[in-house]
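Okay, so here's the structure we're looking at.
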Amino acid sequence: CGAAIQAVDTLMKKSFGASSESREEQFSRAFVVGRPPGHHAGPYGCVPSEMHWQRPDMTSSGFCLLNVVAVAAAYARQHYGRMAMTNAALSNSAGSSYPTRFPFHPPKIAIVDIDIHHGNGTEEIVRGLKPHTVFLPLPSSWAPVGRTNYRPWLNERDSEEVLFASVHLFAESRFYPCSGRETAEESCGSDDFKRSSNVINIELSPVGANPWEARSRARLTAAQKEESCRIASEEFRSKVSSQLMPQLSAFEPDLVFISAGFDGHCDDLYHFLTEADLHWVTQQLCQVVDSNNGVGVISVLEGGYSLSAPKAKKTTGSNSSSANSSAAVGAVGTRGRTASSGAVSVSNP
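The letter at position 262 of the sequence shown is residue 752 when you use the working numbering, and the numbering goes up by one with no holes.
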């Protein structure tokens with residue numbers, strides 16, 4: 491978690507007293523290289539899905555110990571939110587007017603999860619920014635047992651100023667963690683909280699060889715794999731463009747965290763996205779922050795299992811491989827600077 495918090499401080503310092511001499515050292519992009527991943531770790535550990543009694547083996551934290559992206563987002567909201575409120579109070583006491591945006595207002599934070607698995611732990615943490623009842627996944631014949639979940643980061647406006655979105659593969663009980671329906675209706679939540687305005691789930695469909703059919707995937711020909719990549723790319727870009735970007739733009743985030751999982755890559759185990767798709771979605775998210783004059787974008791490494799580098803693909807135009815190296819890490823350059831001078835990479839020791 492320390493590396494992600496360092497990334498937050500690195501980007502935020504330009505909003506709080508950075509001297510003119512240090513402007514060249516100011517950044518608006520960061521990529522956090524850390525292990526293990528964290529987006530399946532909820533506020534109480536593993537998060538059961540509505541499919542729990544069909545597939546209890548799917549209720550786990552998926553290698554995750556601490557939800558790094560949620561910890562970093564909470565730190566940004568709480569620490570710099572308090573500083574922003576102090577700025578506003580001092581400005582108001584001096585009789586001067588001040589903007590209603592950061593750094594005179596707590597930062598609005600968006601977390602966008604592009605790992606091929608639903609970020610169920612992060613979603614449950616973000617849902618906990620508003621009081622609601624969580625029921626244990628007991629058989630329907632048992633008396634319900636629930637508990638109130640409310641863990642604010644800064645104040646009562648957290649649920650209005652923190653947004654979570656996940657773009658992931660969904661195949662009901664056949665694909666971990668068996669959650670993340672686009673309706674956001676999870677059976678373990680109270681009826682009045684089954685839909686959350688600050689939670690966006692976007693389902694991707696299995697393509698070609700199903701992710702639970704490793705042998706079939708290994709037998710795909712080059713032509714079949716290329717066609718699967720085309721279908722997966724079209725669905726991914728279409729749904730991100732129509733379901734995510736309009737709501738994210740309207741939210742006007744000051745800081746965007748990307749839960750950057752690469753296990754949906756065609757050379758990994760589960761789906762058929764390419765470097766060009768990852769580069770494209772990262773650019774889209776960066777453009778939202780830049781157009782809003784926000785602080786920046788922090789990518790935090792999540793899933794990814796292939797130990798070999800992806801094979802270079804000979805493509806042209808917007809899919810050219812020349813941009814793909816920065817796609818995978820989400821380090822698209824800052825406004826007016828190249829990627830090398832506008833991005834900072836931090837890692838766990």
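Even for Gly, the Cβ is constructed at its ideal location relative to N, Cα and C.
Note that the coordinates shown come from a computational prediction; the quantities given were computed from them, not determined experimentally.
Please classify residue i as buried or exposed, where buried requires at least 16 neighbouring CB atoms within 10 angstroms.
i	result
N691	buried
F506	exposed
S656	buried
F660	buried
F654	buried
L791	buried
I721	exposed
S815	Low confidence applies to S815: its pLDDT is 37, below 50, so where it sits in the model is not reliable enough to give any reading.
Y795	exposed
P696	buried
R525	exposed
R707	buried
V635	exposed
T549	buried
L797	exposed
A493	buried
T638	exposed
S551	buried
P667	buried
Identify whether residue i lies in helix, strand or coil by the three-state DSSP scheme.
i	result
F654	strand
R637	strand
Q544	coil
V561	helix
A520	strand
F506	coil
D681	At D681, the pLDDT of 46 sits below 50, so the modelled position is not reliable; the number obtained from the coordinates is stated separately. The answer is helix: DSSP assigns D681 an H, G or I state.
F665	coil
G535	strand
V785	coil
D603	strand
S706	helix
T623	strand
L555	coil
S835	strand
E675	Confidence at E675 is low in this model, with a pLDDT of 49, below 50, so its placement is unreliable and the value that follows should be read with caution. E675: coil per DSSP, three-state reduction.
T590	coil
P736	helix
W643	coil
A566	helix
D744	coil
N582	helix
A699	coil
W770	helix
R727	helix
L628	coil
S649	helix
T549	coil
S687	coil
T711	coil
L501	helix
C776	helix
C719	helix
Would you list the one or two residues that DSSP bridges to residue i?
i	result
S693	Before going on, a small fix: residue 693 reads as Glu here, not Ser. For E693, which the question treats as bridged, DSSP gives the partners H658.
H755	L763
V790	V522 and S749
For the putative contact between residue i and residue j, defined by C-beta atoms under 8 Å, what is the C-beta separation to the nearest angstrom?
i	j	result
H847	V559	There is simply no residue 847 to check, as the chain begins at 491 and stops at 839 in what is shown.
L844	S723	The requested residue 844 does not occur in the structure, where the chain is confined to residues 491 to 839.
S835	V523	7 Å
S581	F594	7 Å
E540	P596	Not confirmed; about 33 Å, so no contact.
I615	N557	6 Å
L710	H761	The Cβ separation is near 13 Å, so there is no contact.
I748	S789	4 Å
L738	V778	5 Å
F517	G786	7 Å
Taking 7 Å as the CB-CB cut-off, is residue i touching chain C?
i	result
R572	Absent here is chain C; the protein component of the structure consists of one chain.
Is the stretch 601-621 close to the stretch 533-548, with three or more CB pairs under 8 Å? Counting Cβ pairs under 8 Å, three or more are found: they touch.
Sufficient close CB pairs (3 or more, under 8 Å) joining the stretch 493-502 to the stretch 760-775: No, the stretch 493-502 is not in contact with the stretch 760-775.
Count Cβ pairs between the stretch 738-756 and the stretch 780-795 that sit closer than 8 Å; are there 3 or more? Result yes; three or more Cβ-Cβ pairs closer than 8 Å.
Quick test of the definition: if touching needs 3 or more C-beta pairs under 8 Å, does the stretch 588-607 touch the stretch 621-635? The stretch 588-607 is not in contact with the stretch 621-635.
Assess contact between the stretch 564-581 and the stretch 634-646, defined as three or more Cβ pairs (one per stretch) separated by less than 8 Å. Is contact present? Two segments are said to touch when three or more pairs of C-beta atoms, one from each, lie closer than 8 Å; by this definition the stretch 564-581 touches the stretch 634-646.
Count Cβ pairs between the stretch 544-557 and the stretch 663-673 that sit closer than 8 Å; are there 3 or more? Yes: at least three Cβ pairs fall under 8 Å.
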